[in-house]
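These notes concern the structure reproduced below.
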Amino acid sequence: MRVSQFFISTLKEAPAEAELVSHRLMLRAGLIRKLGSGLYTWMPLGLRVLRKVEAIVREEMNAAGAVEVLMPAVQPAELWQESGRWQVFGPQMLKIKDRHDRDFCFGPTHEEVITDIARREIRSYRQLPVNFYQIQTKFRDEIRPRFGVMRAREFLMKDAYSFHTTFEDLQREYRNMVDAYTRIFTRLGLGFRAVAADTGAIGGTGSHEFHVLAESGEDAIAYSTGSEYAANVELAEAVAPSAGRGAPTQSMQKIATPGAHTIEEVSALLKVPAERIVKTLMVVANDGTELLLLLRGDHMLNEVKAGKLAALASGFRFASEGEIRARLGTGAGSMGPVGANLTIVADRALLAVSDFVCGANADGFHLAGVNFGRDLPEPAEYADIRNAVAGDPSPDGKGKLDILRGIEVGHVFQLRAKYSTAMGATYLDEQGQSQPMEMGCYGIGVSRIVAAAIEQNHDERGIIFPDAMAPFRVALVAIGYRKSEAVKQAADALLAALTAAGIETLLDDRDERPGVMFADMELTGIPHRVTIGDRGLKNGELEYQHRRDAKSQPIPAAEAASWLTARLG
RNA sequence: CGGGGUGUAGCGCAGUCCGGUUAGCGCGCCUGCUUUGGGAGCAGGAUGUCGGAGGUUCGAAUCCUCUCACCCCGACCA
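For the first sequence, my numbering assigns the number 9 to the initial residue and increments by one for each residue that follows.
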């Protein structure tokens, strides 16, 4: 391909709206253009990258035995009402009406549609197992779309759904998919990690996420430095302290703490470390139950874990200032568990805390030297309700936890019979008995992968694409293409030879200054570059430079094609 | 949803507080000449419903009202 025939549109300055480096670079390199919030056009160069990712995903899914389908993007409301998710999915789902005023949605996911296919098409155990997948545009009306295609509203996703007669067979396919995903991300050249995960809104039992590791990642991953354990912090168990609680050594006293509302302020004022301060949170369940949650001052509440408490099973929110005042007679900054007429659930870390500081339920006052069992009753329950932090023991007993940040690019679930039961997807077993199918589902964020790869592979000059997803593998920079017959001939010949060898090559044949061409080829992240100019040609040489190399190296012009073919495989 | 911010040429911005005549700057774009191994130089040129609607005024990018879009932060002060 020649730049003069292609379309590249680079920007020296990124639009002001772009913050994240991958977003800026994708805009600057002309990979994408924004149409509206969370809506992006894939420009020619970007589309080539997207297609590369898609192709690898497709190849590996096929190799793993999945079969491709393509379901409608627009889905009738009836299916979602049947599964009970028409309401549950909420405002994230884009709902639309047709001319007959019938309800539809633009599909945010396709469990309902595929389950409908399965119940119509699959009648016998002889037809199972089967794994259907598609690569298709989804729409989720995100609360806050951001970071370009990283969290867009419309995005490209590979979603697969498997159907089985037994849980054991589902688990086999689940492992098969984990292996396929591992091959996919390895082939894409990404640094990634599979981690145990929460199942969230989709439901089911086992679940793993695949994260591309990057500082800018929106998710935190806890992993053990001494074993293979890795989990999303939403899920990672914060183990109960092994040491017991010390006996009380102080008596409880009320201390004026004017103006100190946060743990940091109280800690600084009283010169007590945050570990010996107890943080009190008041939450209200959707069924009206009010609850106090206690945490060590240096710990953070994990809302996913808290949501699993029996009392909060209906879902919960934080109490308003008014509710706190009505119940405890104080503002949020001075609330505490002593004398509070509310059920208390404490994080297990408090099993090892004595002589602590907490709010006094009186504005501007805290209590010090507080002890469970003496100054207040033991909490109704000790539970794991905090985020694991670096330094915590690994839940598997081997090593300590550390925290990494990651971008979720894949997620696999064991759905079991949730949808098949709700929607009547059954088959007849060997005994002629009707059974609900076991289901798994497996997603990959295809468009997000492009952004994640750039987060992981860039420098101050631009993108550095891994070979597997580069829009072109080789950039030929022809200096003076329109002036020098020798350059033109050498460049045309090399382009033809590499193209014939199946190596996707972009020849910059523009009448541009060298600096412009170099800058554009670097910005767009093409991994291999060959410079063709009269200067080198005089000595029968071209120059090769990998995008990560600091300097170029001369290669014989006559053997350039074979040299590159051998090098690039 | 709550809070904050921004909309002026393709991109980045100034001008708005304190209303005034042809609305500017850099980059990009077009033409010509020169230049040609790291985002060229000179000369000339084109491009604006100042987000939209309404209002105030002799006069509105600027003031007022409404509205739309986009961005950021928060949703863990406790």
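We put the CB at the ideal spot given by N, CA and C, even for glycine.
DSSP three-state assignment for GLY448, whether helix, strand or coil: Correct three-state label for GLY448: strand.
Who are MET290's beta bridge partners in DSSP? Answer by DSSP bridge pairing, in chain order: LEU300.
Kindly list the residues whose CB is nearer than 6 Å to the CB of SER30, restricted to its own chain and excluding five residues on each side of it in sequence; keep chain order. Only ALA459, ILE462 and GLU463 meet the Cβ criterion.
Given THR270 as reference, the closest of ARG556, GLY339 and GLY448 once Cα atoms are compared: Minimum Cα distance to THR270 is reached at GLY339.
Which residues in the same chain as PRO52 place their Cβ atom closer than 6 Å to its Cβ, once the five residues preceding and following it in sequence are excluded? If you ignore the 5 residues before and after PRO52, its C-beta comes within less than 6 Å of the C-beta of PHE15, all in its own chain and listed in chain order.
Minimum C-alpha distance to ARG456 - residue among TYR141, LEU515, LEU196 and PHE380: Looking from the CA of ARG456, the closest CA among TYR141, LEU515, LEU196 and PHE380 belongs to LEU196.
Only counting runs of 3 or more residues, tell me where the beta strand (DSSP E) segments fall wholly within the stretch 207-258, in order along the chain. 215-221, 227-232 and 238-240, all fully within the stretch 207-258.
Beta-carbon separation of ALA501 and LEU545 under 8 Å? No, these two residues do not count as a Cβ contact at 8 Å.
Cross-strand partners of PHE480 (DSSP beta bridge): According to DSSP, residue pairing for PHE480 in a beta bridge does not occur.
Is HIS419 a contact residue of the ligand MN, with contact defined as CB to any heavy atom under 7 Å? What this structure holds is no ligand at all, so the ligand MN is not there to describe.
Going by beta carbon distance, what residues of the same chain come within less than 7 Å of ALA276, once the five residues before and after it are set aside? For ALA276, where only same-chain residues beyond five positions count, there are no Cβ hits under 7 Å.
Enumerate, from N- to C-terminal direction, the unbroken beta strand (DSSP E) stretches of 3 or more residues contained entirely within the stretch 137-166. Within the stretch 137-166, the complete beta strand (DSSP E) segments of 3 residues or longer fall at 138-147, listed in chain order.
Start-to-end residues for the alpha helix (DSSP H) that takes in GLN561: Element bounds for GLN561: not the alpha helix (DSSP H) but the beta strand (DSSP E), 561-564.
For THR429, I'd like the list of residues in its chain whose CB is within less than 8 Å of its CB, leaving aside the five on either flank, ordered along the chain. Non-local beta-carbon contacts of THR429 in its own chain, meaning distances under 8 Å to residues more than five positions away in sequence, involve PRO444 in chain order.
To the nearest angstrom, report how far apart ALA293 and THR265 are at their CA atoms. For ALA293 and THR265, the distance between alpha carbons rounds to 31 Å.
If I'm right that ALA376 touches GLN261 with Cβ under 8 Å, what's the distance once you round it to whole angstroms? With 8 Å as the limit, ALA376 and GLN261 qualify as a contact, their Cβ atoms being about 6 Å apart.
Quick check: the Cα distance between LEU47 and ARG161, rounded to an integer number of angstroms? Taking the straight line joining both Cα atoms gives about 6 Å.
So the candidates are PRO345, ALA388, ARG518 and ARG107; which of them puts its Cα closest to the Cα of ALA368? The option with the nearest alpha carbon to ALA368 is PRO345.
Which residue comes first and which comes last in the beta strand (DSSP E) that contains HIS31? Per DSSP, HIS31 lies in no beta strand (DSSP E); the unbroken alpha helix (DSSP H) holding it starts and ends at 29-36.
By the three-class DSSP mapping on this structure, what secondary structure does ASP516 have? Here DSSP, grouped into helix, strand and coil, assigns ASP516 to strand.
Spatially closest choice to PHE112 from PHE97, GLU90, PRO84 and GLY92, by CA coordinates: Closest option to PHE112, Cα to Cα, is PRO84.
Per-residue DSSP class, three states only, for THR270: Three-state DSSP puts THR270 in coil, outside helix and strand.
Can you name the start and end residues of the beta strand (DSSP E) that LEU423 belongs to? LEU423 -> beta strand (DSSP E) spans 409-424.
Between ALA499 and PRO522, what straight-line distance do the alpha-carbon atoms span, to the nearest angstrom? Going from the Cα of ALA499 to the Cα of PRO522 covers about 15 Å.
DSSP-derived helix/strand/coil call for PHE112: Strand.
Let's see if you can read the secondary structure: which residues bound the beta strand (DSSP E) around GLU389? Where GLU389 is concerned, the enclosing beta strand (DSSP E) stretches over 389-391.
Could you tell me which residues DSSP pairs with LEU436 in its beta bridges? Paired residue(s): SER132 and SER442.
Measure the C-alpha to C-alpha separation of SER215 and TYR427 and round it to an integer number of angstroms. Cα-Cα distance, rounded: 16 Å.
Per DSSP, ASP467 is paired with what? Residue pairing of ASP467 in beta bridges, as defined by DSSP: GLY470.
Could you work out which residue in PRO137, ILE125 and PHE380 is closest to ARG253 when comparing CA atoms only? Of PRO137, ILE125 and PHE380, the residue nearest in Cα terms is PHE380.
Going by the CB atoms, is the gap between PRO479 and ILE534 shorter than 8 Å? The answer is yes: Cβ separation under 8 Å.
Helix, strand or coil at VAL397 [DSSP, three-state]: If DSSP states are grouped into helix, strand and coil, VAL397 belongs with coil.
If distances are taken between C-alpha atoms only, which option among ASP363, SER342, VAL361 and LEU336 comes closest to THR351? Residue LEU336 is the option with its Cα nearest to THR351.
Go ahead and label GLN422 buried or exposed: buried means 16 or more other beta carbons lie within 10 angstroms of its beta carbon, across all protein chains shown. For GLN422, the number of other beta carbons within 10 angstroms of its own is at least 16, and it is reported as buried.
Between the Cα of GLU21 and those of ARG36, ASP517 and LEU302, spot the shortest distance and give me the residue it belongs to. Nearest option by C-alpha distance: ARG36.
Quickly, what does DSSP pair PHE364 with across the bridge? List them, please. According to DSSP, PHE364 shares a beta bridge with VAL378.
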